[in-house]
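Residue numbers (the working numbering): 3 to 409.
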């Protein structure tokens, strides 16, 4: 299956296997594997100083870059989002003697309630720091497991390797533990929200106490101190709640992306080869409806290129077990990098050869092949709502084909 790629930055043609080709919609001419034609003869270029060195050395950074350039792209389980680092310390409550007045008694009650609130906030802070420590440990364990699976797939392994399956199951369990940590953070956020309401009530009550009659100067002095400490407590609770909300939002999005990556990684383990990160991380989860898209019809493949529309990928099922998935992933991934909102049309092409029964049989096989490609795309993480499936017959096709168009 030969893949023809024309992009502004492409300088080489990658040959994967016979039976499949994909073409970009660039205006550059299609690159081939033949020798380039040139009117001028070869020009001798003197070797550089580095090339002339009989004992060259490669630095560690250069070696890593070279290895990354030729190695297949691993499934990147992006680094976990940073957690907040604030340690929330309560401002404390200043002790004072009860003046014996009605207002003085009211101040004593408010001071006691503020002290109880700050004690609860100390417990909330301890819970938060413990959750952060736990989620960091779970994230490190998860990334270590997935890195081991990626390393094994990168050097090549057998399809459905039971060792990798066990590691994948372990990684899924570790990711679910991170999800449980997020649930704990949600519970903590609900408790802090209740404390926020209590702190707001205490502040309003303290301000209202200034209007009570029967107070002495000492009562108002204590009220002023209590108001300042309550204000600082309100600010502390708001910051705690905001930081919790940000952590929950980031961690929830991260776990969602990792679940999509695990789905794609499972597909890679099944095939014994590395694909890459889930396509769901590149595609928008919401897209324009495609239910009203017109299906492809016609008697030749020329009809599918109407309006200069060329297929992104052409898969020829001219033999059993055509290894198309790595090339399909590469093409779709590049398309989503250029246009993340892309929608893909998967078209089953059946040759119009033989009698009516032969054509009907070919159409049935082509449809099954297209459904197989559709399952591959969804396994790679592409949302099903971004894929349109249709079928047609072609007088030019010599074998069953599946064309993938991007729009």
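Every residue gets a Cβ at the ideal spot worked out from N, C-alpha and C, and that includes glycine. Computed from a prediction, not measured in an experiment: that's the story for all the values here.
Check: Measuring straight from C-alpha to C-alpha, what distance separates residue 239 and residue 211?; Outcome: 22 Å
Check: Could you spell out where the alpha helix (DSSP H) holding residue 164 opens and where it closes?; Outcome: 164-211
Check: Among the candidates 232, 380, 257 and 350, whose CA atom is the shortest distance from the CA of residue 140?; Outcome: 257
Check: Below 6 Å CB to CB, which residues in the same chain sit around residue 199 once its five sequence neighbours on both sides are set aside?; Outcome: none
Check: Do residue 347 and residue 392 have their C-beta atoms within less than 8 Å of each other?; Outcome: yes
Check: Taking the alpha carbon of residue 365 as the point to measure from, which residue in 400, 314, 216 and 204 has its own alpha carbon closest?; Outcome: 400
Check: Indicate the three-state DSSP secondary structure (helix, strand or coil) for residue 104 in the structure shown.; Outcome: helix
Check: Alpha carbon to alpha carbon, how far is residue 229 from residue 416? Give it in angstroms, no decimals.; Outcome: Here the chain comprises residues numbered 3 to 409, so residue 416 is not present and cannot be evaluated.
Check: Could you name the residues of the same chain whose beta carbon sits closer than 7 Å to that of residue 371, not counting the 5 residues immediately before and after it, in chain order?; Outcome: 319, 350, 402 and 404
Check: For the candidate residues 243, 322, 172 and 165, whose alpha-carbon lies nearest to that of residue 196?; Outcome: 243
Check: Tell me whether residue 261 sits in a helix, a strand or coil according to DSSP, three-state version.; Outcome: helix
Check: In whole angstroms, what is the alpha-carbon distance linking residue 166 and residue 408?; Outcome: 34 Å
Check: In angstroms, rounded to a whole number, what distance separates the CA positions of residue 389 and residue 160?; Outcome: 30 Å
Check: In three-state terms, what does DSSP make of residue 241?; Outcome: helix
Check: Answer yes or no: do residue 227 and residue 101 have a C-beta to C-beta separation smaller than 8 Å?; Outcome: no
Check: Residue 411 and residue 376 look like a contact to me (Cβ under 8 Å); what is the Cβ gap, rounded to whole Å?; Outcome: Not covered by the structure: residue 411. The range shown for the chain is 3 to 409.
Check: Over what stretch of residues does the alpha helix (DSSP H) that includes residue 318 continue unbroken?; Outcome: It is not in any alpha helix (DSSP H) - residue 318 instead sits in the beta strand (DSSP E) that spans 315-318.
Check: Could you pull out every residue in the same chain whose Cβ sits closer than 6 Å to the Cβ of residue 253, ignoring the five residues on either side in sequence?; Outcome: 184
Check: If I follow the unbroken beta strand (DSSP E) through residue 348, where does it start and stop?; Outcome: 346-353
Check: Compute the Euclidean distance between the alpha carbons of residue 92 and residue 106, then round it to the nearest angstrom.; Outcome: 24 Å
Check: For residue 352 and residue 172, what's the separation of their Cα atoms in angstroms?; Outcome: 43 Å
Check: Which one of 342, 378 and 250 has the shortest CA to CA distance from residue 267?; Outcome: 378
Check: Suppose contacts are defined by Cβ-Cβ distances below 8 Å. Is residue 249 in contact with residue 123 by that definition?; Outcome: no
Check: Hey, could you find the ends of the beta strand (DSSP E) residue 371 is sitting in?; Outcome: Premise fails: residue 371 lies in the alpha helix (DSSP H), 358-381, not in any beta strand (DSSP E).
Check: Is residue 109 helix, strand or coil when you go by DSSP?; Outcome: helix
Check: Looking only at C-alpha atoms, which of 182, 208 and 108 sits nearest to residue 138?; Outcome: 182
Check: Can you name the start and end residues of the beta strand (DSSP E) that residue 407 belongs to?; Outcome: 403-408
Check: Alpha carbon to alpha carbon, how far is residue 88 from residue 164? Give it in angstroms, no decimals.; Outcome: 43 Å
Check: According to the Cβ coordinates, are residue 169 and residue 150 closer than 8 Å?; Outcome: yes
Check: Are residue 126 and residue 193 close, meaning C-beta to C-beta below 8 Å?; Outcome: yes
Check: Would the beta-carbon of residue 190 fall within 8 Å of that of residue 236?; Outcome: no
Check: Given this structure, state the Cα-to-Cα distance separating residue 398 from residue 354, to the nearest angstrom.; Outcome: 8 Å
Check: Look at the alpha carbon of residue 384 and the alpha carbon of residue 233, and state the distance between them as a whole number of angstroms.; Outcome: 50 Å
Check: Taking DSSP as the reference, what is the three-state secondary structure of residue 141?; Outcome: helix
Check: Using only alpha-carbon positions, find the residue among 94, 316, 115 and 134 that is nearest to residue 334.; Outcome: 316
Check: Using only alpha-carbon positions, find the residue among 117, 331, 215 and 188 that is nearest to residue 231.; Outcome: 117
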